[in-house]
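Residue numbers (the numbering used here): 477 to 691. Here's the structure we're looking at; comments come further down.
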């Protein structure tokens with residue numbers, strides 16, 4: 477299988493119409509470059525992002541199109557997402573998404589990194605560098621169920637993580653499914669807005685539109 481992005485997709489005009497009809501304030505970003513730079517900056521500033529882009533993933537994992545994204549540099553962020561966003565037990569771990577070319581710097585892998593890691597199906601032990609730099613995604617046994625990211629799979633998602641790396645020197649962020657405990661992963665713009673408004677997610681990035689909590 478070349479892609480897991482086989483689910484429904486919602487286009488700009490439909491998304492804008494939904495936001496307008498529900499009187500939701502938003503900022504429209506002019507292009508993909510502005511989108512990834514602005515979102516990377518918000519993650520760097522320790523905001524929690526609801527990320528809704530393109531076709532939904534087909535399968536049990538959120539792989540960057542229906543995801544909650546955040547910085548992995550402090551355990552406090554893990555606790556915030558578990559308690560105030562996912563509404564689940566505090567000990568539950570999160571997955572790291574990492575630029576594939578950086579994987580061996582952070583993980584003790586086999587000689588060849590399994591392609592299955594691109595779909596969050598592999599667990600590798602962290603090296604000391606990873607334990608120190610991204611504690612929010614380190615499991616109690618110092619491992620991580622990682623998602624390795626190549627640009628061909630998801631260019632916008634890849635560019636976002638790369639933009640974050642340019643700001644921080646760290647090629648890893650938290651990726652967890654865009655839902656709360658007991659609910660399915662969001663599928664439609666309506667699902668995404670409902671989850672955003674009923675949790676402590678700070679920003680919703682839905683295609684080229686950015687919605688901020690509050691004003």
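Every residue, glycine too, gets a C-beta built ideally from N, C-alpha and C.
Is the number of C-beta pairs between the stretch 536-543 and the stretch 651-659 that are closer than 8 Å three or more? yes
Please classify residue 616 as buried or exposed, where buried requires at least 16 neighbouring CB atoms within 10 angstroms. exposed
The beta strand (DSSP E) with residue 528 in it runs from where to where? Residue 528 -> beta strand (DSSP E) spans 525-528.
Rounded C-alpha distance that separates residue 487 from residue 683: 8 Å
For residue 631 and residue 687, I'd like the C-alpha separation in whole angstroms. 22 Å
Reduced DSSP category for residue 543 - H, G, I as helix; E, B as strand; rest coil: In the three-state reduction of the DSSP assignment, residue 543 falls in the strand class.
May I have the straight-line CA-CA distance separating residue 491 from residue 530, to the nearest angstrom? Rounded to the nearest angstrom, the gap between the Cα atoms of residue 491 and residue 530 is 11 Å.
Measuring only the C-alpha atoms, how far is residue 604 from residue 489? 47 Å
Would you call the stretch 549-556 and the stretch 607-625 in contact, with 3 or more CB pairs under 8 Å? By the Cβ test, the stretch 549-556 is in contact with the stretch 607-625, since at least three Cβ pairs between them sit closer than 8 Å.
Per DSSP, which residues does residue 574 bridge with? Please list them. Under DSSP, residue 574 forms a beta bridge with 624, 648.
Are the CB atoms of residue 648 and residue 582 within a distance shorter than 8 Å? yes
Would you mind stating whether residue 685 and residue 502 have Cβ atoms separated by less than 8 Å? yes
So, is residue 570 buried or exposed, given that buried needs 16 or more other C-beta atoms within 10 angstroms? buried
Close Cβ partners of residue 639 (< 6 Å) along its chain, the five nearest in sequence each way excluded: 512, 513, 516
Going by C-alpha distance, which of 666, 635, 625 is nearest residue 480? 625 is the residue among 666, 635, 625 whose C-alpha sits nearest the C-alpha of residue 480.
In the DSSP assignment, find the beta strand (DSSP E) that holds residue 566 and state where it starts and stops. No beta strand (DSSP E) holds residue 566; DSSP gives it neither H nor E.
Enumerate in chain order the residues of its own chain whose CB-to-CB distance from residue 504 is below 7 Å, with the five nearest sequence positions on each side excluded. Correct list, in chain order: 684, 685.
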